[in-house]
Structure formats: structure tokens, C-alpha cells
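Counting from 490, one number per residue, gives the positions in the sequence shown under my numbering. Just so you know, even glycine gets a beta-carbon here, dropped at the ideal spot from N, CA and C.
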Amino acid sequence: MPIRPFQLSLRFILPLALVIGISALILLPMIDDLTQRWFLRDLDTRGQMVAASIREPLIDYVMLQDVDAMQELLERAAIDGHLLALGFCDVAGNLRYRSRALPHQVNCLGAAPSAMRVSEVSLAQDENSLGKLLLVQDTGFIQRRSDEFRFYLSAVFLLMFLVISALVVWIAHWSWLGWVSALKNLLRLETTSPTGRATPPEFRPLVGDLRAMLHQMQIERRVQQHSPQSWTPQKLRSLLHDELAGDEVLVVSNREPYIHEQGEHGIVVRRPASGLVTAVEPVMRACSGTWIAHGSGSADRATVDAHDRVQVPPARPAYTLRRVWLSSEEEQGYYYGFSNEGLWPLCHIAHVRPVFRTADWEQYVAVNQRFADAVIAEANTDDPVVLVQDYHFALLPRMVRERLPKATIIMFWHIPWPNPESFGICPWREELLEGLLGNTLLGFHTPFHCKNFLETVDRYLETRIEHEASTISYSGELTQVEPYPISIAWPESETGLDVLQCRKELRESLNLPEDHRVALGVDRLDYTKGIVERFQAVDRLLELRPELIGRFSLLQIAAPSRSSLDEYQNLEARVRKLAHEINQRYANPVAPPIILRIEYYDADQLATCYRAADICLVTSLHDGMNLVAKEFIAARDDELGVLILSQFTGAARELHEALIINPYHIEQGAQALYRALTMPAAEQRERMRSMRTLVRDFNVYRWAGLMLLDAARLRRRHRVTEKIHLHSRHPLRRAV
Ligand code: ADQ
């Protein structure tokens, strides 16, 4: 039996022992006295009866002075159980007759030896006193019986005490177990125990209170989520300091934050244009953690130490970058194959069939294991906070969980999560889901993606899902699923290039007239981005509004991406061909309708384009969030410009003032373009101002901050649960 309930029951048993002990002390003498008096009364009655039975012959023998007859009468009467002897005293006080057993100490004055009692019965004849009969009774048996009675009564009290104590301990034990499990369930926001038993009724009032408290915490969390306080790198840093003070933080992503490349004049450091890097870097700078990523740069190996580590940022080292090397087979199978030919089309409903090959899957499993091993090797504590990024590492959370069960593993899934039917075509769907349920916290961009994930898990795994609390309980572990809409870092100062200057610069660089209307598309060259549909919308616009030919162009900047894959090569060919066709169709001496740049632009070049454009066109067929839309808004400190945004982006859930379109509906795209080109400045300003407020407040630091805040909360909750668990087994150990 656990010591804790026993210790608890002592609090019941000791008072019980005291009550039973005091009762025994008071009751025992009372009962003893009463029984003694009963016995004496009994002796008296029996003596009177004996005296009455011999009275007649006794008077006769006294009158006749018949000594023999008298002797025989007294001997016969003395046969009675408790009557030891009899004697007869005459009126002068002389002992005249006696049975043989009459002790010598007995005389007519009432003397009697101990443990004996002498009672007297007067005898008279016709009112003449003849003397008195002495009855000598044994009182020793009263003491013996009284002792026996005391003994049995004490035994009854002791038995009573033991039985009640055992009952109390037993009840306390089961109640304790019930309470502990109810408390644990409650902390997991569950209403029934893992065995399916409901919360014990006696615990319900407390459950109500605790539930109310947790509910309040949820409300506070939501209020915090929606409160428009501005999040800055400093605020993120102080949050880390307050909420995760001293905790070890490890980040895992496929892409590294700093890439060392072999340049013409030596090694150069490049930072990838990635929202992920922007979001996670302040966290790493603040907590001096370790970032584990694929070393993909041509000079990456030359810049690490013997443990494959390099301190970054190179100018002012603040944290460690641990590089993991992949062979070309591994990269082919894990990254290009399973991640980008399998999972990417599986999660994006863009009508490109996913390709699943067993060989790719095997590489995906092996590479996930290699990164998980790196996490375990880099972890200096048994409960680090591990931030896992994206769909390349669906299996890693469980792999880490198995080795570091106390770790807080947070994963953010940067792409959409499809409905259960779509996800179900993956041959390794159960393995992927089990891997993801190794997370403590799993984040998606939108509540809709969270809902899809919960439904998928519900369809394919035996789990318990609390929809209200958005938790999944699987193999005794809990995963919280929450939406965290990602964003960008709001530009720190707004003293960048003047918008008019940018307009001029861009138009000059493209040989366009000063008043030429420009729509802008910025994407990785990916089939999910709807670049073809965008071109078709431009085609339709010019068809409907030929007056715009030579006065309007779409500048499409497309960063080459995953270009070793057939699907992406085909897309590039298709995009180039379509641009060419449209440019042919609306050929004019001023400007082609589509200006296609398949190349990487640096941050400053992109900023110039965003500021110079009249319209930003985001036509993704499916997109987790889409950061381009937010970057465009952040760049427009002149509060002008129109954002046309696909309804199938996560961003459309936040940016309601954009012109929202269905990119598959080409006509609608064309109409939106025309509406944007003719939108009055006042309306542009009103829409842009509102969107700028939202993007400024709901920035990338808030994204990281809310996730880390939730992780800190779950960590605290986990510690409390652990404490309860520990106390239920080792109550004497005081966990800190
Ligand atoms: P992506 O699919 O890459 O990201 P997106 O969110 O638009 O999509 O981010 C693209 C980034 O690349 C932007 O920062 C953009 O500036 C940059 N970029 C695009 N074209 C470029 C070019 N030619 N030159 C230089 N930079 C260019 C995935 C998901 C998204 C999700 C993000 C973040 O698919 O839905 O918003 O992750 O979670």
C-alpha cells in the first residue's frame, strides 16, 4: 500500500484510538462496578433463599437443642454453590452451631476473612429472639469474573478499534487513488479516467473549482492571444527569461539559419530568406540554445568544429548551430522524395498526385532518426524544450520522446493539414500520426487545419480526443493542438526607401513608363502558388479591357525551388510558355503584359518591388499562411496599394480587407485585378491601414511568443502532474 494514504489515514486513526481509549477508561470501571453490585445482590438473594428453606427445621432444632440434627442441617444447606459454611449464634452472641467448613475467623460479631462475606439472618419464635444464622459466602468468584469481564471487554474495544482503523485505511487508500487519478485527469482536462471511469462523486465539487480555474486560464490565454499588445524581440526575450528561465532550448529544422558558401573571394555567409528563420532566431539569441539543421552550404563542413558545431551569428555569436550531414541518397529520399513529392502534395489540395516510394520512406525514417539522435546528443538536460519545424520531421517527435520522456516538444507544421480522406491515401499514415503525437504541443496556422488534424487522428488511430480543449490522449501521453498564425517581423524603422523613388526605380529598371500600372507576384516557383491561374487572370483582364494593353503589366518574381523534381521542371516550362503566349497575344511597343523573373531577389530588392507595385497578387491554390501577402502590407507605409488574396491561404482568415478571390475562377481574378486598378486612393488607404495594424500587432514574435507561453504552461502543468504522481508513490519526498 502506498505510504501516502497510510499517512493520511493516521490522521483519522489517532483520534479514533483516542476516542476508543477514553471510552474504554470511562466505561470499564462503570460496567465493572455495576456487575459487582449485581453479583452481590445475587448472593444476598440466594442467602435469603437458603435461610428461608431451613428456617422451620432450624427453629425446631434450636428449641430441642438437637446438636446432631442441627449439624446435619447446616452441612446440607452449605452444599449451595457460593455458600461456604453456616453458623448459628444464640442471643448471648455465642457461636453455638457451625458447619465444618466455617472458618475460625468468623464469629458472632461479624468478623470475616478476605474474599468472604458473612450475612446474618435473625431467627425468632413467637416474637422471642432465638439468635441469628450466619451465612458465609465466597466473594472471590466475583473478583475472578470481574477480571475476566474486564479482559473480554478490553478485547472487544481493541477489536473494534482495529476493524474501524482497517476500514478507514482501506477507504482512504481507494479514495486517494481515485482523487489522484481524478486530479491527473483534470489537469489533462479529461472528465473520465483512462480506464473510462467517471470522476468520483465526492471529488466533483473540487473538480468544478479546478475546471473553472483551468477554464479561466484558457480564457486568459485567448485574451492574451487577441490583445493587440505589440510583440517585439525584446518582449520575446523577456518572456523567455520569465517563463522558461534556465530551460534548455533546441531547434530542429531542415533549413539552417546561416549557410556558408564558397565564393570567388573566399567563404561567404548567406542567410536564407525564410520566415521560419526570422521567427526562431530571436528565441535562439535569447536563450543561447542549439539549432540543429541540415548543413547544405558548399563551405559548411569547412566552418564547423570537430563536433560539427559552429557559433552563430558569425559577427556576434549567440547560439550554436549544429549541422547534420546528409548523403545525396539521403537528401534525395528524405527531402526531395518523401517530403516534397509525397507529403507536400498530400497536404496541399492542388491536384498534383503525391508519389510514395518505399525507398523514400526508408530514407525519411532514417534521416528523422539521425536528427533525433542529434537532439539527444546535444541535450544537456533530460527535459529540454525542443522546437521542431515542419513536415520534414513528422517522425522525430516520437523518436525524441522515447529517449527524453520529460522533454517539452513543440512542433509547428508550416503547411496545411488536409481532410482525413485526403491524408488517408498515405501508405504510412498511422506511422506519421504516431510520430506527431510524440509532441507536447502541435501548432498549425489556422483552426481549420487543427480541426482537420484532430479528425484525421480520430479516423486512423485509437485515441481519446477532447475537442473542447483541443487535446489528444494517446498511449497515456497528451498532445495539445493549437492554431498559431505565423507572421513576419514588422520592419523596425519606417525610414526605408521612399515609395515614389521605388516606383521610379522599378519602372526604370524594367523600361516601363512612369505611370505604368504594375501588379506584383512573388513566390517560390511552386505549383501550389497558382502562378498559371494568375497569368490566366491577366490574360482574361486584357481580353475584357484591351485599353489596359501597354498600360499594365504583371511582374512575376519566382524563386527557383526544388528544381531537380520533374513536377517543378514541368511547372517552370509551363509558366515560361504561358507567359510567352500571353505576351505574344497582347504584344505592344510599350511593355509586355507579363514580366517573368525566375530568380532569387534579396530582401532590399523585394522591398523595392513591394513599394513600387500598385497591386500584390497572391493566388495560391492552397497555402498554409503565405508570408508574401504580409510582407507587402508591411512594406506599404504609404498606406496605398491593393492586395488580391486567394481564399485558400491561411492569410485570408486574417486579412479580411484584401480583395479575396477564388484563384480557380479566372473571371473573378480578372475582375479583382480591374477593381484593384480602379480603386480610389481613399478606399485603398482604409483597407491598407486596417491590415497594417493587424500585421504589425500579430507579428512573428507574437507567433513564437504564444507558442512558447503555451509550452511553458504545459510544462508547468506537466510538472504539477508529475508532482502529484510522485507524491502518490513517495509522499514523504517533497518535490520542489
Ligand atoms: P512558402 O511556401 O515558402 O512557405 P511563403 O509563406 O509565401 O511560402 O514564404 C515565401 C518566402 O520566400 C517569403 O518570405 C518571400 O519573401 C520569399 N520569396 C519568395 N519568392 C522569392 C524570391 N524570388 N526571391 C527571394 N525571396 C523570395 C511555407 C508555407 C507557407 C507559410 C510559410 C511560413 O508554404 O504557407 O506561410 O511556410 O510558415
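Classify residue i as helix, strand or coil using the three-state DSSP reduction.
i	result
Y1230	Lying before the first or after the last residue shown, residue 1230 is absent from the chain, which here runs from 490 to 1225.
E923	helix
K1212	helix
K895	coil
S959	coil
E609	strand
I509	helix
P972	strand
R1040	coil
W917	coil
E910	helix
C597	coil
H934	coil
S742	strand
F577	strand
V874	strand
M1114	coil
S635	helix
S1109	coil
H749	strand
L1195	helix
V1007	strand
R846	coil
F1187	coil
V758	strand
Distance, Cα to Cα, residue i vs residue j?
i	j	result
I748	S785	7 Å
R634	I653	28 Å
T534	I509	36 Å
D1028	I1133	16 Å
F948	P909	The question names Phe, but residue 948 is Arg in the sequence shown. Between R948 and P909, the C-alpha separation is close to 7 Å.
Q1157	R1040	21 Å
F934	G1139	Reading off the sequence, residue 934 comes out as His, not Phe. One C-alpha to the other measures close to 6 Å.
R1023	A734	48 Å
K1212	W979	41 Å
N617	I548	11 Å
F882	R744	12 Å
T960	S1135	30 Å
G1194	A1048	30 Å
W1192	L1198	10 Å
R997	C776	Correcting the residue identity first, residue 997 is Glu in this sequence and not Arg. Near 46 Å, if we compare the C-alpha coordinates of C776 and E997.
Going by alpha carbons, who is nearest to residue i out of the options?
i	options	result
D1091	R1051, D1112, I1046, E971	I1046
I1083	V1107, L1060, E1056, I1038	I1038
R811	S828, Y824, T792, P761	T792
L598	K993, G620, V864	G620
P843	I914, T897, T779, P802	I914
R500	V658, R892, L832, R565	V658
V607	G536, R544, R1006, I631	G536
P806	V988, P746, E1022, R1100	P746
G924	M900, A604, N941	M900
E732	D879, R1202, P916, T809	R1202
L930	S911, F942, E971, K1212	E971
I1104	V1011, C776, Q969	V1011
R1065	W833, L1095, Q1025	Q1025
V758	A768, D789, C776	D789
D797	V1131, L926, E867, E994	E867
V740	S727, S719, G778, L647	G778
Whole-angstrom Cβ separation of residue i and residue j, contact assumed at under 8 Å?
i	j	result
D871	K895	5 Å
Q852	Y823	4 Å
E819	S787	Not really, about 18 Å apart at Cβ, beyond 8 Å.
P761	P722	The Cβ separation is near 19 Å, so there is no contact.
G1019	S1109	5 Å
I904	Y880	6 Å
R1100	C991	4 Å
Could you pull the DSSP bridge partners for residue i from this structure?
i	result
I954	I961
D1012	A1047
S1135	I1150
V801	Y808
K621	C578, S611
R1086	I1046
W780	V740, L810
When you compare the CB of residue i with every CB in chain D, is at least one pair closer than 7 Å?
i	result
D521	The structure shown contains no chain D; it is built from a single protein chain.
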